[in-house]
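Visitor:
In the working numbering, the protein residues as written are 248 to 355.
#1: Three-state secondary structure (DSSP) at residue 342?
#2: Based on Cα-Cα distance, which residue from 282, 254, 347 lies nearest to residue 298?
#3: Helix, strand or coil for residue 352? Go by DSSP, reduced to three states.
#4: Using only alpha-carbon positions, find the residue among 341, 269, 307 that is nearest to residue 351.
#5: What number of angstroms, rounded off, separates the C-alpha of residue 348 from the C-alpha of residue 252?
#6: State yes or no: is the C-beta of residue 343 within less than 8 angstroms of the C-beta of residue 274?
#7: Nearest to residue 261 by CA position, among 320, 345, 303, 346, is which residue?
#8: In its own chain, which residues sit with a C-beta less than 8 angstroms from the C-beta of residue 290, not counting the 5 before and 5 after it?
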């Protein structure tokens, strides 16, 4: 797939800003859209580069963990609210979460 040219530093800047603002619980819609974007080659290359700060990589790993919890239907939600309408994940969602886990494993 041919992607339009996008400066890797702009990708890192955008993702770093999003990581500062995003907090669980996450709907499947957010996991699907943001996760799909994170799996694009320009994103994986930019975010795996040494230019992406170690603390931001740690935050990204945490986000990937929350995404995995969301698609695994783990009880991370406030039990007093009914989140069942957006907590039904598919095999595709779980495969995407596994791919995110592999893409952002960040070897030490």
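Every residue gets a Cβ at the ideal spot worked out from N, C-alpha and C, and that includes glycine.
Guide: Reading from the atomic positions:
#1: Helix, per DSSP.
#2: The residue with the shortest Cα to Cα distance from residue 298 is 254.
#3: It is coil, neither helix nor strand.
#4: Checked all of 341, 269, 307; the closest Cα to residue 351 is 307.
#5: Between residue 348 and residue 252, the C-alpha separation is close to 25 angstroms.
#6: No. Outside cutoff.
#7: The shortest Cα separation from residue 261 among 320, 345, 303, 346 belongs to 303.
#8: In the same chain as residue 290, and ignoring 5 residues on each side of it, the C-beta atoms closer than 8 angstroms to its own belong to 258, 262, 284, in chain order.
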